[in-house]
């Protein structure tokens, strides 16, 4: 019997067609069961599809709601840590590892690093959000601005490294971008968010430690420096300078040795071939024997080349003499003294924070393309007024006004006790962090 003839009929016609086709009761039961199970399967698939759509919508809905800045808990206040994970990316062990890494860095160098992982930012771009959150918390020490904030917004698929003013020379924008490009974003694209965060913080810590070992960065002092005044009466009256006789003899002897060395240096060299004295060519004639780099150095005044020529055999010798007051640096590429240094003020120093200048290096050799830019931190301005009362207590001025009568220290909650005006006062960055600030330095990447 052909069972397919029943599949296109409605249920009420099955019995009629069954009788006409001569089917058995078992055939009728098989046909009815297959149709019922097919409908159940179709309904189940539709429900699963709807459930998947609902779960996807809920996920997107949860990512679509960003966190305003005032809802981000300060980790230094809540748990004395450095990491905020509001997206549930980090395990307890990974978060503890980051906190240990940053605490060790802060203890060794004074630098502060904050890590914030969010579902999505709200009310601003990720860069604006990072800068505002950095300054709200005051990441870094107040007198050094040595803070770094790493912000990850999963819904925006964006990561930002925000640096404080004092960190811009240690981690310039190009270095922050290099960290993101090499160790952070590649891991993010593979779905390893936690691994990218840990690798990024490790790279930041490595640069800070390297800068400290090279002497480019010094951690802030535990207390505010001050100057103890010395009254004028404490100085002894000036006496005319006198030189003992042995010292005068040494000066005369040293001058004679220097004069003899100069005369010997200016003696014409002998030709290595015919042993005859060589002649010094004038400045116009010697240019024919100099290459382009040597002529450039002479034009810049960084090096004077003496060309000696033997009148008998024509042997040549070129003797370079670097200028004593040379303002040009030696080029790492062409090795000539032709690199000019120029500076441009980026941010003037104040009594509250350090300044910053951009240093540019360019080789003046026409055949060399060496160029380089670096940032240099300018020290804060210091202004001290003296209290000539019998106690001789120093008084220090800052941008915020007069601070005197004695100094306090950093409080455990991140505040600063100044003892202004001889009493007690406090300054606070919002608690927890040291009170650093950022002008928007750093870099960001999408993945």
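In my numbering, the protein residues as written are 1023 to 1469.
Think of the CB as a built atom: it goes at the ideal place given N, C-alpha and C, for glycine as much as any other residue.
1) Which residue comes first and which comes last in the alpha helix (DSSP H) that contains residue 1178?
2) At 3 residues or longer, what runs of the beta strand (DSSP E) sit wholly inside the stretch 1117–1146?
3) How would you label residue 1340, buried or exposed, when you count the other beta carbons within 10 angstroms and need 16 or more for buried?
4) Return the residue from the list 1403, 1351, 1350 and 1388 that minimises the CA-CA distance to residue 1371.
5) Using only the alpha-carbon positions, how far apart do residue 1313 and residue 1351 sit?
6) Please report the residue range of the alpha helix (DSSP H) in which residue 1157 lies.
7) Counting only runs that start and end within the stretch 1367–1407, where is the beta strand (DSSP E) found for 3 or more residues in a row?
8) Enumerate in chain order the residues of its own chain whose CB-to-CB distance from residue 1193 is below 6 Å, with the five nearest sequence positions on each side excluded.
9) Going by CA-CA distance only, name the one from 1200, 1112 and 1143 that's closest to residue 1092.
10) Give me the DSSP bridge partner(s) of residue 1362.
11) Look at residue 1206 and residue 1170 and say whether their C-beta atoms are less than 9 Å apart.
12) Could you name the residues of the same chain whose beta carbon sits closer than 8 Å to that of residue 1120, not counting the 5 residues immediately before and after it, in chain order?
13) Helix, strand or coil: which one does DSSP assign to residue 1465?
14) Assess, as a yes-or-no matter, whether the stretch 1117–1133 is touched by the stretch 1145–1153 under the definition of 3 or more beta carbon pairs within less than 8 Å.
15) Using CA coordinates, which residue listed in 1324, 1297 and 1338 is at the minimum distance from residue 1308?
16) Could you tell me the alpha carbon to alpha carbon distance between residue 1177 and residue 1166, rounded to whole angstroms?
17) Does DSSP put residue 1165 in a helix, a strand or coil?
18) What would DSSP say about residue 1196, mapped onto helix, strand or coil?
19) Tell me whether residue 1301 is buried or exposed, calling it buried when 16 or more other Cβ atoms sit within 10 Å of its Cβ.
20) Can you tell which of 1334, 1317, 1335 and 1134 has the C-alpha that lies nearest to the C-alpha of residue 1327?
21) Please report the straight-line C-alpha distance between residue 1191 and residue 1398, rounded to a whole angstrom.
22) For residue 1353, which residues of its own chain have a beta-carbon under 8 Å away from its beta-carbon, when the five flanking residues on both sides are left out?
23) From what residue to what residue does the beta strand (DSSP E) around residue 1328 run?
24) In or out: residue 1162 buried (at least 16 other Cβ within 10 Å) or exposed?
25) Can you tell which of 1357, 1458 and 1334 has the C-alpha that lies nearest to the C-alpha of residue 1344?
26) Taking only three categories from DSSP, how would you classify residue 1184?
27) Using only CA atoms, which one of 1187, 1299 and 1236 lies nearest to residue 1376?
28) Would you mind stating whether residue 1466 and residue 1202 have Cβ atoms separated by less than 9 Å?
29) Using a C-beta cutoff of 9 Å, does residue 1119 count as contacting chain C?
30) Figure out for me which residue from 1331, 1311, 1289 and 1315 has the closest Cα to the Cα of residue 1296.
31) How big is the Cα-Cα spacing for residue 1179 and residue 1110?
32) Could you check the C-alpha separation between residue 1378 and residue 1183 for me, to the nearest Å?
33) Residue 1339 lies in the beta strand (DSSP E); which residues open and close that run?
34) Under a Cβ-count criterion, where at least 16 other Cβ atoms within 10 Å of its own Cβ denotes burial, should residue 1089 be classed as buried or exposed?
35) First and last residue of the beta strand (DSSP E) that includes residue 1106?
36) With 16 other CB atoms within 10 Å as the buried threshold, where does residue 1101 fall?
Inspection of the coordinates gives the following:
1) It is not in any alpha helix (DSSP H) - residue 1178 carries neither H nor E in the DSSP assignment.
2) 1134–1140
3) exposed
4) 1403
5) 19 Å
6) 1148–1159
7) 1377–1385 and 1393–1400
8) 1185 and 1229
9) 1143
10) 1384
11) no
12) 1104, 1105, 1112, 1137, 1219, 1220 and 1223
13) strand
14) no
15) 1338
16) 33 Å
17) coil
18) helix
19) exposed
20) 1317
21) 6 Å
22) 1359, 1360, 1361, 1385, 1387, 1390 and 1392
23) 1325–1331
24) buried
25) 1357
26) strand
27) 1187
28) yes
29) Given the protein chain composition of this structure (a single chain), no chain C is represented.
30) 1331
31) 16 Å
32) 19 Å
33) 1338–1344
34) buried
35) 1105–1107
36) exposed
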